[in-house]
Ligand SMILES: [Zn+2]
Ligand SMILES: [Zn+2]
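Numbering (the numbering used here), first residue to last: 12 to 187.
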């Protein structure tokens, strides 16, 4: 959905959409969209700003990716709110000259007369995902010795601790 600045000059744009899986591309991130991405919100021009746009809303979606530890599918129900400001790229030139007091607000830029809502949402989803994508906090992962999923089968491989080995070697040296 294209949020056109021309339309915003007339009135605030309100949106209430559900993007089915496949309409946004998450494949590059090894991510799968499981549920429709639901979003409601608005886009408007900031008064007396020469093209600054404010986009606000809330979204909910369920995403999935391979678990970082065991590679099984891990699911992430995400929801959140956003309140973002976008400036036309033509501002970049004079921003170097004029110090603008933005406080804590993060500013992005747009060109071409508006902003794709899908791009905004894609970024929000990627930001909302946890750093560690695990199927559960206590996922035991895959045994590096026998390759079994340790959540499903306990194995009795004894894993040598490389850290200790190195200490052992050091100690031997010291004794000589
Ligand atoms: Zn896992
Ligand atoms: Zn094992």
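We put the beta carbon where it would ideally sit given N, CA and C, even for glycine.
Bear in mind that the values here come from a model prediction, so they are computed numbers and not experimental data.
Here the distance from the Cβ of residue 65 to the nearest heavy atom of ligand 2 is not below 6 Å. Ligand 2 has a heavy atom closer than 6 Å to the beta-carbon of residue 156. The three-state reading of DSSP puts residue 52 in strand, counting E and B together.
In the DSSP assignment, the residues bridged to residue 87 are 74. With 16 or more neighbouring CB atoms inside 10 Å of its own CB, residue 85 falls in the buried class. Rounded to the nearest whole angstrom, the C-alpha separation of residue 30 and residue 149 is 32 Å. Within the chosen limit of 6 Å, ligand 1 does not reach the beta carbon of residue 161 with any heavy atom. Relative to the non-hydrogen atoms of ligand 2, the Cβ of residue 150 never comes closer than 6 Å to any of them.
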